[in-house]
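*Asks:*
Numbering (this note's numbering), first residue to last: 121 to 377.
(1) Should the stretch 296-306 be regarded as contacting the stretch 340-357, the criterion being three or more beta carbon pairs within less than 8 Å?
(2) Along the beta strand (DSSP E) that carries residue 293, what are the first and last residues, could you check?
(3) Taking residue 329 and residue 340 to be in contact with their CB atoms under 8 Å, please state how far apart those CB atoms are, rounded to whole angstroms.
(4) Count the CB pairs spanning the stretch 270-284 and the stretch 304-322 that are closer than 8 Å, and state whether there are at least three.
(5) Quick one: Cα of residue 252 to Cα of residue 334, how far?
(6) Can you tell me whether residue 303 is buried or exposed, with buried defined as 16 or more other CB within 10 angstroms of its CB?
(7) Going along the chain, which residues of its own chain have a beta-carbon closer than 7 Å to the beta-carbon of residue 347, five neighbours each way excluded?
(8) Taking residue 246 as part of the beta strand (DSSP E), name the residues at either end of that continuous run.
(9) What's the gap between the Cα of residue 262 and the Cα of residue 277?
(10) With distances taken Cα to Cα, identify the nearest neighbour of residue 321 among 362, 129, 250 and 127.
(11) Starting from residue 276, trace the alpha helix (DSSP H) in both directions and tell me its first and last residue.
(12) So, is residue 130 buried or exposed, given that buried needs 16 or more other C-beta atoms within 10 angstroms?
(13) Would you kindly check if the distance between the Cβ of residue 242 and the Cβ of residue 266 is under 7 Å?
(14) At what residues does the beta strand (DSSP E) containing residue 257 begin and finish?
(15) Contact check, residue 374 vs residue 256 under 8 Å by CB: the rounded distance?
(16) As a quick exercise: from 365, 345 and 369, pick the residue whose alpha carbon is nearest that of residue 318.
Structure follows, in structure tokens:
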């Protein structure tokens with residue numbers, strides 16, 4: 121087959137025809153071989169090194185070798201870094217310490233009250249309202265089990281021989297009302313809801329309040345309700361005779377309803 125026909129067949133089949141660069145041993149001389157490759161030394165039993173013409177490819181090793189030679193011959197000038205003087209370092213060090221100290225102070229100032237009063241952050245608390253009589257109500261926070269408060273109130277009222285009916289289940293007031301980021305449950309909204317809950321009992325004739333737990337007194341004070349008697353630790357009061365005596369005396373000063 122003629123060389124031109126072979127090239128046409130390969131082109132018709134979409135096969136790229138490459139230009140030969142050297143004469144292969146025991147092979148016919150290519151038709152399109154360059155004049156340099158057809159030199160007498162090209163017929164040696166090895167591939168002929170291509171010429172360095174304008175269109176001849178350059179080996180990557182040759183390019184890298186050029187950079188290697190430059191790297192060996194050229195010496196980098198040492199870079200002298202001027203360190204700051206002693207007075208400058210003294211000025212910078214106190215500024216860093218003061219910044220760290222300011223951050224520590226802000227962390228120390230964080231508390232439950234500050235977080236609850238932050239805009240957009242709903243406060244978290246839980247109150248239980250136990251109606252013990254027509255004019256009295258006992259309130260505890262989440263630190264007190266409401267059923268324990270109910271049994272204790274029953275024993276106290278029975279010991280004082282006060283008329284009482286079967287004590288109802290305490291009314292639970294939980295905030296936030298629902299776990300939702302789309303509803304406004306900030307502190308002002310919580311106070312409005314708590315005040316509405318208190319007005320419900322006040323409209324029914326409740327006139328005195330006993331609080332157990334710090335959250336119960338604190339949140340009631342926010343809506344203007346003062347407790348007739350308060351104890352921060354309900355469990356400790358159950359085992360302390362002096363605390364029970366104070367509770368007894370506080371109840372004795374309350375007019376019968």
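Cβ atoms here follow ideal geometry from the backbone N, Cα and C, with glycine treated the same way.
*Replies:* In terms of the structure at hand:
(1) no
(2) 291-295
(3) Contact between residue 329 and residue 340 is confirmed by a C-beta separation of about 7 Å, below the 8 Å threshold.
(4) no
(5) 21 Å
(6) exposed
(7) Excluding residues within five positions, the ones whose Cβ falls inside 7 Å are 329, 330, 331, 337 and 340.
(8) 245-251
(9) 23 Å
(10) 250
(11) 266-279
(12) exposed
(13) no
(14) 256-261
(15) Between residue 374 and residue 256 the beta-carbon gap is near 7 Å, inside 8 Å, which marks them as a contact.
(16) 345
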